[in-house]
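Report on one structure; see the data block that follows.
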Amino acid sequence: GLPAAPPPVLGKRRVTRQLRVGAVGVGSDFPVSVQSMTTTVTADVNATLQQIAELTATGCDIVRVACPSQDDADALPQIARKSKIPVIADIHFQPKYVFAAIEAGCAAVRVNPGNIKKFDDKVKEIARAAKDHGTPIRIGVNAGSLDARLMAKHGKATPEALVESALWEAELFAEHDFHDLKISVKHNDPVVMVRAYELLAESCDYPLHLGVTEAGPAFQGTVKSAVAFGALLRQGIGDTIRVSLSAPPMEEVKVGTQILQSLNLRPRKLEIVSCPSCGRAQVDVYKLADQVTAGLEGMEVPLRVAVMGCVVNGPGEAREADLGVASGNGKGQIFVKGKVIKTVPESKIVETLIEEAMRLAEEAGPP
Ligand code: SF4
Numbered sequence: 006g007l008p009a010a011p012p013p014v015l016g017k018r019r020v021t022r023q024l025r026v027g028a029v030g031v032g033s034d035f036p037v038s039v040q041s042m043t044t045t046v047t048a049d050v051n052a053t054l055q056q057i058a059e060l061t062a063t064g065c066d067i068v069r070v071a072c073p074s075q076d077d078a079d080a081l082p083q084i085a086r087k088s089k090i091p092v093i094a095d096i097h098f099q100p101k102y103v104f105a106a107i108e109a110g111c112a113a114v115r116v117n118p119g120n121i122k123k124f125d126d127k128v129k130e131i132a133r134a135a136k137d138h139g140t141p142i143r144i145g146v147n148a149g150s151l152d153a154r155l156m157a158k159h160g161k162a163t164p165e166a167l168v169e170s171a172l173w174e175a176e177l178f179a180e181h182d183f184h185d186l187k188i189s190v191k192h193n194d195p196v197v198m199v200r201a202y203e204l205l206a207e208s209c210d211y212p213l214h215l216g217v218t219e220a221g222p223a224f225q226g227t228v229k230s231a232v233a234f235g236a237l238l239r240q241g242i243g244d245t246i247r248v249s250l251s252a253p254p255m256e257e258v259k260v261g262t263q264i265l266q267s268l269n270l271r272p273r274k275l276e277i278v279s280c281p282s283c284g285r286a287q288v289d290v291y292k293l294a295d296q297v298t299a300g301l302e303g304m305e306v307p308l309r310v311a312v313m314g315c316v317v318n319g320p321g322e323a324r325e326a327d328l329g330v331a332s333g334n335g336k337g338q339i340f341v342k343g344k345v346i347k348t349v350p351e352s353k354i355v356e357t358l359i360e361e362a363m364r365l366a367e368e369a370g371p372p
């Protein structure tokens, strides 16, 4: 048969330069990638590789590791070699670690522009080393470490100040004919952040790394990031994303992945369509939805599973999904591809849904 039409997306992708972070392409020809950052001490190679393995299993595309000391720099070759996903070294300001990271075979380096001026005379050498090794650089402008000169000029970290900083740093590299750059202009306020990225997108064609910095604990950080990334991705702005949460980095990857799936920027996998419940509910919808979600975690095939509390909207939603249940009178009507295949007692709803999901997954074959 004909290949299925790709699912609709909200915005046309902004056309950018392309670069490669290891095996992962970044830029408008490539899917938007998800990044996170390890929380281990980088010098602890085993712990860091273990966390990278967990991030990889969660679906992380690119991982960043901090490099604040010589011991960390010394660990980079082994980490870069053994990680299954590209490793970016995050360097605060010491140029010697930038060279170490490039030599170590890191897939990219992030440098802090608030400090790059201090190694003015090093920019040329960094550009040459990065070019020789094919190592791209992320210019990571951050409201919290904005250059003093720009702080003085703008009074605070405004969108204009962030963008001026980013473009100035990019120009320092461009002067040495180095353009393998991606840029971030992070701020903890989604409104300032969105405006900064919009301005930046208008002013250059470098690929952009999206991030709301210091977004907060999981709940607040998830909402802030989803809203801000949504506003930008809707305009086609953003080539790689990092959700920052005061929570384990695997959570960041789950949120980032879900944001992209929600916008059809990456194929949806398991999707639970469950109702909020209301006074008409005849089963405990929260519990049912949680149990079904837990039972199907890690499903790799796209599957919409509807969990509905009653027969008002229940059958309709359940019919639209691949699989679903509409509950009523202590029973659950189980739907598969729009047809009621059986009615089971409430106590059997979860296991029946999981069974049917597994069966559908098997029929669909490997993803
Ligand atoms: Fe309420 Fe039924 Fe709708 Fe759930 S499906 S929100 S229980 S009316």
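One rule links them: number in the UniProt record's numbering = place in the sequence shown (from 1) + 5. C-beta: ideal position from N, C-alpha, C; glycine also.
Could you give the DSSP three-state label for residue i: helix, strand or coil?
i    : result
T348 : strand
Q240 : coil
E203 : helix
V29  : strand
I90  : coil
D182 : coil
H159 : helix
K336 : strand
R154 : helix
N193 : coil
V341 : strand
L24  : strand
When the distance is taken between beta carbons, is residue j closer than 8 Å to residue i?
i    : j    : result
P100 : I131 : yes
I346 : L358 : no
R309 : V278 : yes
L186 : I246 : no
P307 : R273 : yes
G64  : V228 : no
V50  : Q83  : yes
T167 : V196 : It is Leu, not Thr, that sits at residue 167 in the sequence shown. Contact flag unset, no.
E59  : M255 : yes
D244 : G16  : no
L238 : L205 : no
Alpha carbons only, please: which of the options is nearest the one belonging to residue i?
i    : options                   : result
L265 : I277, V248 and L204       : V248
S38  : L81, G30 and Q75          : G30
T44  : G27, D34, V26 and D77     : D77
A294 : L275, F234 and R271       : L275
K161 : D185, F178, A179 and H192 : H192
L215 : Q83, T47, T348 and V232   : V232
A171 : H159, D194 and N147       : N147
V46  : F35, P73 and Q23          : P73
Nearest-angstrom Cα distance between residue i and residue j?
i    : j    : result
L213 : T21  : 9 Å
F183 : Q55  : 34 Å
Y291 : E203 : 39 Å
D210 : T140 : 18 Å
G145 : V355 : 46 Å
T53  : V199 : 32 Å
Q225 : S150 : 22 Å
V14  : G337 : 34 Å
G110 : E368 : 42 Å
L177 : V26  : 21 Å
I188 : Q40  : 14 Å
P222 : R154 : 32 Å
Step through the CB atoms of chain B and report whether any lies within less than 8 Å of the CB of residue i.
i    : result
P141 : Looking for chain B here will not work: only one protein chain is present.
Validate contact between the region 84-94 and the region 57-72 using beta carbons, cut 8 Å, 3 pairs: yes
The region 310-319 contacting the region 331-338, beta-carbon criterion three pairs below 8 Å: yes
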